[in-house]
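Here the structure comes first, spelled out in structure tokens, and everything after it is commentary.
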Amino acid sequence: MEIDKAIRESDDKRLKTKYNNAIYVIKRALALYSIEEVAFSFNGGKDSTVLLHLLRAGYFLHRVEQSCSNGVQIDFPIRTIYFESTSVFPEINTFTYDTSKTYGLQMDIIRTDFKSGLEALLKSKPIRAIFLGVRIGDPTAVGQEQFSPSSPGWPPFMRVNPILDWSYRDVWAFLLTCKVQYCSLYDQGYTSIGSIYDTVPNALLSISSTSSKEKFKPAYLLPDGRLERAGRVKKNSPLDGTRSPAVNNGLDSVNSHKNRMFTASIIGVGDEILFGTVEDQLGPSLCKKLHSIGWMTSRTTVVRNDIDSVAEEVDRCKSVSDLVFLYGGVGPLHSDVTSAGVAKAFGVRLAPDEEFEEFLRHLIGDHCTGDRNEMAQLPEGITELLHHEKLPVPLIKCCNVIVLSATNASELEKQWDCLIELTGSDGFLVTIESYSSKRLTTNLTDVETAQPLSKLCLEFPDLYIGCFRRSRQGPLVISFEGKDPSRVQAGVEALCKKFNAGAFSEVN
Ligand SMILES: Cc1cc2nc3c(=O)[nH]c(=O)nc-3n(C[C@H](O)[C@H](O)[C@H](O)COP(=O)(O)O)c2cc1C
Ligand SMILES: Nc1ncnc2c1ncn2[C@@H]1O[C@H](COP(=O)(O)OP(=O)(O)OP(=O)(O)O)[C@@H](O)[C@H]1O
Ligand SMILES: [Mg+2]
1 MEIDKAIRES DDKRLKTKYN NAIYVIKRAL ALYSIEEVAF SFNGGKDSTV LLHLLRAGYF
61 LHRVEQSCSN GVQIDFPIRT IYFESTSVFP EINTFTYDTS KTYGLQMDII RTDFKSGLEA
121 LLKSKPIRAI FLGVRIGDPT AVGQEQFSPS SPGWPPFMRV NPILDWSYRD VWAFLLTCKV
181 QYCSLYDQGY TSIGSIYDTV PNALLSISST SSKEKFKPAY LLPDGRLERA GRVKKNSPLD
241 GTRSPAVNNG LDSVNSHKNR MFTASIIGVG DEILFGTVED QLGPSLCKKL HSIGWMTSRT
301 TVVRNDIDSV AEEVDRCKSV SDLVFLYGGV GPLHSDVTSA GVAKAFGVRL APDEEFEEFL
361 RHLIGDHCTG DRNEMAQLPE GITELLHHEK LPVPLIKCCN VIVLSATNAS ELEKQWDCLI
421 ELTGSDGFLV TIESYSSKRL TTNLTDVETA QPLSKLCLEF PDLYIGCFRR SRQGPLVISF
481 EGKDPSRVQA GVEALCKKFN AGAFSEVN
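Residues in the sequence shown are numbered consecutively from 1, following full-length UniProt numbering.
Pasting the structure below:
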């Protein structure tokens, strides 16, 4: 069988592992369901093309194991379904029909929507399981396993996803190693194909050209598979191939809010801090750093090394803060539960991240191999790696949650500087107008100062006016914080006026 042979002869260890796992899933499905009970959902896309050849190989190997085959090539009896729509690219349509002919597929063409098409199909055929080319990173993959029952509201069948854990790079390694045909659009800069209305070539593959027609490199040259959907245009937005929504990443909204208040929450993960064995340096240090760029820390907490404790706190903070910073509990140990807690808070699972794995391999060496590297498991579909040349391993950002791997103040200093550099003046950690502050001390009693201070707070609602003392007997310190230095000064003067001259002195 030519596919099996091509993989066995290849020296790509990773591809072999992915292939063997996918074949295992296919063989289990063929053992669980009869051939009449399975179907293959094929649409001419790259992922379903990979799946077609895996199914051909898997079916062949299944037959060999059952001693039904003498090794001679057999045809492909798995029912194939294609939902043909009027908005499909003609190249995709032609490729799907041509491939069906080449491999003798029994193809059912369905011209209604997925749900009603499947309802009708399942009524007329004994189908119980459908093979799909869904992969981690596809928006529809969230929450799916290799065997996942169809969603509530859909007709009942088993979704079988043999290439769920394949990356973009794995897909291309397979197609090129097996030298199989794929749709011509992938040689013209398309990296993931939807309908003609929502798909353009991936701008990251554009070659600058002097002629009027823009040229693109082939899909397999995309260096970062996480950007495969950068050629998908957001629904309801005009087609614009030069500025993809995936790359823009919501920065416009940050820019337009440059003058508003930004708030952060800080979560430390560490039983040791709670036991009092270790003194927390990172929380206070982060507060200072955030304050220095004009942010307001609205909450700091320390939670136990326990997935639910982390998840509950992240869930609470992520909706009320612009950014949530987490530190502690990062690594491969049993107590390193931070990633799992973040995943749980967002309702996604942990999945292997190939790119992160590569960084860890460079750092740790080959002690941790491929899929078994627990540290390389990150919240699926929501993780962005923040790269900086000074960081041996990128930082992890899941929506508005940033996981810092620092364990002491100097490591934090470095990671913070990288974050600030990375996000520049208009990124997610936008530097806004910093706080201006003044402090006064006084030997007046609390009782004497209380009422005038309350009034002052009403007169200056734009200032934070706080009081603290370093000892019960020592002087009272009154602090003024605000974005407008002249208002801070006015607040200070207004307080001094309420008392005799010399009642207050300014301190740093
Ligand atoms: C055979 C088949 C089965 C599907 N089953 C489900 C399902 O159980 N639940 C669901 O939410 N979507 C299901 N879908 C829809 C897909 O998740 C997804 O919406 C569709 O592939 C369109 O993807 P696109 O928007 O990226 O083009 C199914 C699609 C196909 C073709
Ligand atoms: N119109 C369709 N007809 C049949 N199956 C479909 C259709 N659209 C999607 N599918 C199934 O869903 C899977 C995932 O679709 P998706 O668009 O993510 O992948 P693809 O089309 O194979 O590749 P690409 O990401 O390059 O578009 C497909 O591999 C296929 O199994
Ligand atoms: Mg597609």
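Here a beta-carbon is modelled for each residue, glycine too, at the ideal position from N, C-alpha and C.
Remember, it's a predicted structure, so these values are computed and weren't measured experimentally.
Using a 10 angstroms sphere on the CB of Thr49, the tally of other CB atoms reaches 16 or more, which defines it as buried. Listed as beta-bridge partners of Arg299 by DSSP are Ser265. When DSSP states are grouped into helix, strand and coil, Phe147 belongs to the strand group. Residue environment: Arg79 is assigned as buried (16 or more neighbouring CB atoms within 10 Å of its CB, all protein chains considered). Around the Cβ of Asn305, a 10 Å sphere holds 16 or more other Cβ atoms; the residue is buried. The beta carbon of Ser335 is closer than 6 Å to those of Asn305 in its chain, skipping five residues each way along the sequence.
Among the bridge pairs identified by DSSP, Arg128 is matched with none. Between the alpha carbons of Phe356 and Leu132 lies a distance of about 26 Å. Of the residues assessed, Ser505 falls on the exposed side of the cut-off, its CB having fewer than 16 other CB atoms within 10 angstroms. Under the three-state reduction of DSSP output, Gly466 falls in the strand class. In this structure Gln144 is buried. Its beta-carbon is surrounded by 16 or more other beta-carbon atoms within 10 angstroms.
If the five residues before and after Asp187 are omitted, its C-beta is found closer than 8 Å to the C-beta atoms of Pro218 and Ala219, all from its own chain and listed in chain order. In the structure shown, Thr191 falls within a coil segment according to DSSP collapsed to helix, strand and coil.
The beta carbon of Leu222 lies closer than 8 Å to those of Tyr168, Thr191, Asn202, Leu204, Leu205 and Glu228 in the same chain, with the five residues before and after it left out. The bridge partners DSSP lists for Glu481 are Ser437 and Tyr464. For Ile3, the CB contacts under 8 Å within the same chain, skipping 5 residues up- and downstream, are His53, Leu54, Arg56, Ala57, Cys178 and Val180 in chain order. Between the alpha carbons of Leu122 and Val134 lies a gap of roughly 20 Å. The Cβ atoms of Phe325 and Pro379 do not sit closer than 9 Å to each other. The C-beta of Pro162 has 16 or more other C-beta atoms within 10 Å across all chains shown, which makes the residue buried. Asn400 is the residue among Ser34, Asn400 and Leu290 whose C-alpha sits nearest the C-alpha of Arg316.
Of the heavy atoms belonging to ligand 2, none sits nearer than 8 Å to the Cβ of Lys115.
Contact between the region 400-415 and the region 440-452 is absent: fewer than 3 CB-CB pairs across the two stretches fall below 8 Å.
Using a cutoff of 8 Å, the CB of Asn43 counts as near ligand 3, since one of the ligand's heavy atoms is closer than that. Classified as exposed, Thr86 has fewer than 16 neighbouring CB atoms from the shown chains inside 10 Å of its CB. Around the beta carbon of Glu354, a 10 Å sphere encloses 16 or more other beta carbons of the protein chains shown; the residue is thus reported as buried.
Leu429 and Leu323 do touch by the CB rule: their CB atoms are close to 7 Å apart, below 8 Å.
Between ligand 1 and Asp11, a heavy atom-to-CB distance of less than 8 Å is absent. Its chain contains Pro352, Asp353, Phe356, Glu357 and Leu360 as the residues whose beta carbon lies nearer than 7 Å to that of Ala376, once the 5 sequence neighbours on both sides are disregarded; these appear in chain order. Judged by beta-carbon spacing, Ser285 lies beyond the 9 Å limit of Ser321, meaning their Cβ atoms are not closer than that value. Between ligand 2 and Ile432, a heavy atom-to-CB distance of less than 8 Å is absent. Put simply, the backbone Cα of Ala494 is about 26 Å away from that of Trp295. Comparing alpha-carbon positions, the option among Leu386, Thr441 and Leu350 lying closest to Asp165 turns out to be Leu350. Its chain contains Val303 as the residues whose beta carbon lies nearer than 6 Å to that of Ser309, once the 5 sequence neighbours on both sides are disregarded; these appear in chain order.
Of the residues assessed, Asp47 falls on the buried side of the cut-off, its CB having 16 or more other CB atoms within 10 angstroms.
Boundaries of the alpha helix (DSSP H) harbouring Pro284: Leu282 to Ser292, taken from the DSSP string.
Gln415 and Leu391 do touch by the CB rule: their CB atoms are close to 7 Å apart, below 8 Å.
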